[in-house]
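A.B. asks:
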Amino acid sequence: MDKKKKTWIILVIALAVLLGGAYALYTVLSPQLSHSALTVTGGSPEQEPAASPEEQPNEDAGAAQDPDSETDPDAPQDADGETEPDETQAAEGEADTDETQGADSEAEANPVPDFTVVDGAGNEVALSDYFGKPIVLNFWASWCGPCQSEMPDFQAAYEALGEDVQFLMVNMTDGSRETLESAQDYIAQQGFTFPVLFDTASSAAIAYGVYSLPTTYFIDAQGNGIAQARGAIDAETLQTGIDMIYTP
Numbered sequence: 001m002d003k004k005k006k007t008w009i010i011l012v013i014a015l016a017v018l019l020g021g022a023y024a025l026y027t028v029l030s031p032q033l034s035h036s037a038l039t040v041t042g043g044s045p046e047q048e049p050a051a052s053p054e055e056q057p058n059e060d061a062g063a064a065q066d067p068d069s070e071t072d073p074d075a076p077q078d079a080d081g082e083t084e085p086d087e088t089q090a091a092e093g094e095a096d097t098d099e100t101q102g103a104d105s106e107a108e109a110n111p112v113p114d115f116t117v118v119d120g121a122g123n124e125v126a127l128s129d130y131f132g133k134p135i136v137l138n139f140w141a142s143w144c145g146p147c148q149s150e151m152p153d154f155q156a157a158y159e160a161l162g163e164d165v166q167f168l169m170v171n172m173t174d175g176s177r178e179t180l181e182s183a184q185d186y187i188a189q190q191g192f193t194f195p196v197l198f199d200t201a202s203s204a205a206i207a208y209g210v211y212s213l214p215t216t217y218f219i220d221a222q223g224n225g226i227a228q229a230r231g232a233i234d235a236e237t238l239q240t241g242i243d244m245i246y247t248p
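If you're matching positions, the sequence shown starts at 1 in my numbering and goes up one per residue.
#1: According to the neighbour-count rule (16 or more other Cβ atoms, all chains shown, within 10 Å of its Cβ), is residue 212 buried or exposed?
#2: Pull up the distance between the alpha-carbon of residue 138 and that of residue 10, whole angstroms please.
#3: Specify the secondary structure class of residue 116 as computed by DSSP and reduced to three states.
#4: Hey, out of 168, 185 and 199, whose CA is closest to residue 175's CA?
#5: What first and last residue would you give for the beta strand (DSSP E) that runs through residue 124?
#6: Quick one: residues in its chain with C-beta nearer than 8 Å to the C-beta of residue 168, no 5 flanking neighbours on either side, listed in chain order?
#7: Could you name the residues of the same chain whose beta carbon sits closer than 8 Å to that of residue 183, not counting the 5 residues immediately before and after it, in chain order?
#8: So, for residue 242: in the same chain, excluding its five sequence neighbours on each side, which residues have a beta-carbon less than 8 Å away from its beta-carbon?
#9: For residue 216, does the three-state DSSP call read helix, strand or coil?
#10: Going by C-alpha distance, which of 111, 152 and 237 is nearest residue 208?
#11: Please classify residue 132 as buried or exposed, where buried requires at least 16 other C-beta atoms within 10 Å of its C-beta.
#12: Within the continuous alpha helix (DSSP H) that includes residue 227, where are the two ends?
#13: Less than 8 Å between the beta carbons of residue 154 and residue 238, yes or no?
#14: Between the Cα of residue 177 and those of 228, 119 and 144, spot the shortest distance and give me the residue it belongs to.
#15: Whole-angstrom Cβ separation of residue 220 and residue 226, contact assumed at under 8 Å?
#16: Helix or strand or just coil, what does DSSP make of residue 169?
#17: For residue 149 and residue 232, I'd like the C-alpha separation in whole angstroms.
#18: Cβ atoms of residue 117 and residue 204: under 8 Å apart, would you say?
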């Protein structure tokens with residue numbers, strides 16, 4: 001074997017070792033480094049609507065829409081108190097208030113996109129099939145270290161709240177790096193019992209623009225997106241998101 005060929009073999013081996021070490025380091029460290037805070041994506045009874053998923057959140061917008069700063073519709077319009085509004089003016093004021101409240105309700109709505117995936121038996125199911133309950137929607141894969149790190153917390157939350165909150169763990173089943181069999185084997189090995197769905201056609205990933213794993217959405221019972229998190233979240237952050245969509 002000539003010297004040049006030996007050099008190439010050594011370089012290939014070194015590269016393989018380097019890549020293997022980098023992947024192992026990522027798997028170990030990423031659960032610690034990828035924790036992310038929730039990003040508000042819509043309105044809820046407890047807080048004002050934030051920017052839509054297509055817009056960058058504006059911190060000043062939340063302050064401008066602070067419910068504590070809203071004008072009280074019952075406050076007197078005349079500081080001197082010399083004149084009282086007649087019944088017609090009062091009726092008009094009430095009508096304006098009703099219209100404003102209706103507009104506010106529409107502004108708070110932030111319907112999430114629907115999608116169709118399959119369950120473990122191969123049956124097609126849509127996200128909208130689960131509307132009526134608050135939904136915790138999580139995108140994951142069995143090869144994803146950060147996904148693995150947060151799943152025990154999702155399992156614990158499911159065991160505690162599964163009757164009142166719908167947990168949907170959507171697997172990114174691309175058919176190559178992740179298959180139906182590899183995903184189901186992982187769930188079985190870990191003993192997880194939360195509902196798992198499989199995005200074999202990538203319809204869910206496309207609908208939600210999922211480009212990194214894990215990604216979690218918190219959706220209220222009416223199908224409005226309330227908050228999201230990209231990256232692994234801990235039990236406290238998970239509970240914070242659940243509290244935004246569910247009140248016992």
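We treat Cβ as the ideally placed atom computed from N, Cα and C, and that holds for glycine.
All of these numbers come straight from a predicted model, not from anything done at the bench.
C.D. replies: From the atom records:
#1: Exposed.
#2: Near 42 Å, if we compare the C-alpha coordinates of residue 10 and residue 138.
#3: Correct three-state label for residue 116: strand.
#4: With distances taken between Cα atoms, residue 175 lies closest to 199.
#5: Secondary structure note for residue 124: its beta strand (DSSP E) is the uninterrupted segment 124-126.
#6: Same-chain partners within the cutoff: 127, 130, 135, 136, 137, 138, 195 and 197.
#7: Same-chain partners within the cutoff: 141, 142, 171, 173, 196 and 198.
#8: So the list reads 134, 136, 157, 161, 165 and 218, once near-sequence residues are dropped.
#9: When DSSP states are grouped into helix, strand and coil, residue 216 belongs to the strand group.
#10: The shortest Cα separation from residue 208 among 111, 152 and 237 belongs to 111.
#11: Flag for residue 132 reads exposed.
#12: Residue range 225-230 is occupied by the beta strand (DSSP E) that includes residue 227, with no alpha helix (DSSP H) assigned at that position.
#13: Yes, these two residues count as a Cβ contact at 8 Å.
#14: By alpha-carbon distance to residue 177, the top candidate from 228, 119 and 144 is 144.
#15: Correct: roughly 6 Å between the Cβ atoms.
#16: The answer is strand: DSSP assigns residue 169 an E or B state.
#17: Cα to Cα, the separation comes out at about 7 Å.
#18: Yes; because the gap between Cβ atoms is below 8 Å, this pair is in contact.
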